[in-house]
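Trainee: Got a structure for you, written out below as C-alpha cells; questions coming shortly.
Numbering (the numbering used here), first residue to last: 897 to 1157.
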C-alpha cells in the first residue's frame, strides 16, 4: 500500500501473515486517531536559511560514508518490510524478535497503519519538499525509485523506525533506553543514505512521537497491546541471540551520531 508519493509503509502487515496467525480481524483506526502533522510539525527550512545551509552541508559531508560499515547499516535500515523492521530491534533487547510469533503485535501494527499512512502522506504532500539528492550526481544508499522526489518532509522511514522503537519501548519498558537509541540510529540512517535532509529526520522523530502518543492511548488497542506484551515476553525463552556483527555495527553507529558529528 503506497500513497500517491509512494510513502514507504513501515507499519504495513500483509494479509497472509495475519491469516497464518489465525487471530480475529480488527477494524483499522480512523485517520483522526493521530494529530494533524501539518499543524504539529514546524515548517521545513526555507531556501537560503541557516538551517537549510546546515542541511546542505551535512548531506554533502555524509556522501563520504559510501561503502563504509555505516553505509551498509543505512542500506539495511532502508528495508521497511514489517517483519524486518521488528527484527531490526533485536540487539536492543538481546534476543531475535520474530513477528511471526507475535500475532497480536501484528494486529496492533495493522490497526495503526491507516492513520499513520494518511497523516504522514498528508504532510509530505503539503510541504512537497525536494529530496537532497535531486539535481546532483552524488551517491545515495538506495535506489531513488519509488521515493517520491518531492516528498522529503517529514521522513517516513524515520516516522516508522522511531515509531516502532516507541511501541516496543512501551511493551518492553526494561529495554526502553536501548530501543529508543536504536530508533534514533534508524532515523540517522536516512541522512547517511542521502534520502533525507537532517531536518526531515528531526521532523520524523517528532511525527512518530506525536502519533504514537495518541495511538498507544487508544482504548481500542489496549487488549491487543497487553497480549502483544505477553508474546514478546514469552518469545525470549526460545529466541536465538541476534547477530553479534549487527549489534556491533549498531553500537558503533549509536556512538557516532550523524546529528552531532
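No residue lacks a Cβ here, since even glycine has one placed at the ideal position from N, Cα and C.
Computed from a predicted model, the values in this text were never measured in an experiment.
Taking the C-alpha atoms as reference points, what is the distance between residue 1075 and residue 1068?
Mentor: Position 179 of the chain shown, counted from the first residue, corresponds to residue 1075. Position 172 of the chain shown, counted from the first residue, corresponds to residue 1068. Spanning the two alpha carbons is a distance of roughly 9 Å.
Trainee: When you compare each of 980, 1008, 988, 962 to residue 1070 by their alpha carbons, which one comes out closest?
Mentor: Working through the chain shown from its first residue, we reach residue 1070 at position 174. Selected option, being the one with the closest Cα: 988.
Trainee: Quick check on residue 1049: does DSSP put it in helix, strand or coil?
Mentor: For this step, residue 1049 is matched to residue 153 along the chain shown. In this structure, residue 1049 counts as coil in the three-state DSSP scheme.
Trainee: Using CA coordinates, which residue listed in 1059, 1027, 1133 is at the minimum distance from residue 1077?
Mentor: Numbered from 1 along the chain shown, position 181 holds the residue referred to as residue 1077. Of the candidates 1059, 1027, 1133, the one whose C-alpha sits nearest the C-alpha of residue 1077 is 1059.
Trainee: Give the secondary structure of residue 1073 by DSSP, where H, G and I count as helix, E and B as strand, and everything else as coil.
Mentor: Here residue 1073 is taken as the residue at index 177 of the chain shown, counted from 1. Residue state, collapsed to three classes: helix.
Trainee: Quick one: what's got a C-beta closer than 7 Å to residue 1088's C-beta in the same chain, skipping five residues either side?
Mentor: As a position in the chain shown, residue 1088 is number 192, starting the count at 1. Taken in chain order, the residues that qualify are 958, 961, 966, 967, 970, 1037, 1154.
Trainee: Check this for me: beta carbons of residue 1135 and residue 991, under 8 Å apart or not?
Mentor: As a first step, residue 1135 must be located in the chain shown, where it is residue number 239. As a first step, residue 991 must be located in the chain shown, where it is residue number 95. The answer is yes: Cβ separation under 8 Å.
Trainee: For residue 1149, is the classification buried or exposed, using 16 other Cβ atoms within 10 angstroms of its Cβ as the cut-off for buried?
Mentor: Looking up residue 1149 in the chain shown gives position 253. Under this definition residue 1149 is a buried residue.
Trainee: Would DSSP call residue 1132 helix, strand or coil?
Mentor: Counted from its first residue, the chain shown places residue 1132 at position 236. Residue state, collapsed to three classes: coil.
Trainee: Roughly how many angstroms lie between the CA atoms of residue 1030 and residue 983, to the nearest whole one?
Mentor: Working through the chain shown from its first residue, we reach residue 1030 at position 134. Working through the chain shown from its first residue, we reach residue 983 at position 87. Cα to Cα, residue 1030 sits roughly 31 Å from residue 983.
Trainee: Looking only at C-alpha atoms, which of 1034, 1052, 1126 sits nearest to residue 1042?
Mentor: Residue mapping note: residue 1042 aligns to position 146 of the chain shown, counting from 1. Nearest option by C-alpha distance: 1052.
Trainee: Does the stretch 942 to 955 come into contact with the stretch 1100 to 1118, if we say contact requires no fewer than three beta-carbon pairs (one atom in each stretch) closer than 8 Å?
Mentor: Judged by Cβ distances under 8 Å, the stretch 942 to 955 makes no contact with the stretch 1100 to 1118, as fewer than three pairs qualify.
Trainee: With a threshold of 6 Å on Cβ separation, who are the neighbours of residue 877 within its own chain once the five nearest residues in sequence on each side are excluded?
Mentor: Because the chain in this structure spans residues 897 to 1157, residue 877 falls outside the shown range and cannot be described.
Trainee: Ends of the alpha helix (DSSP H) at residue 948?
Mentor: By one-based count along the chain shown, residue 948 stands at place 52. Note, residue 948: alpha helix (DSSP H), 946 to 958.
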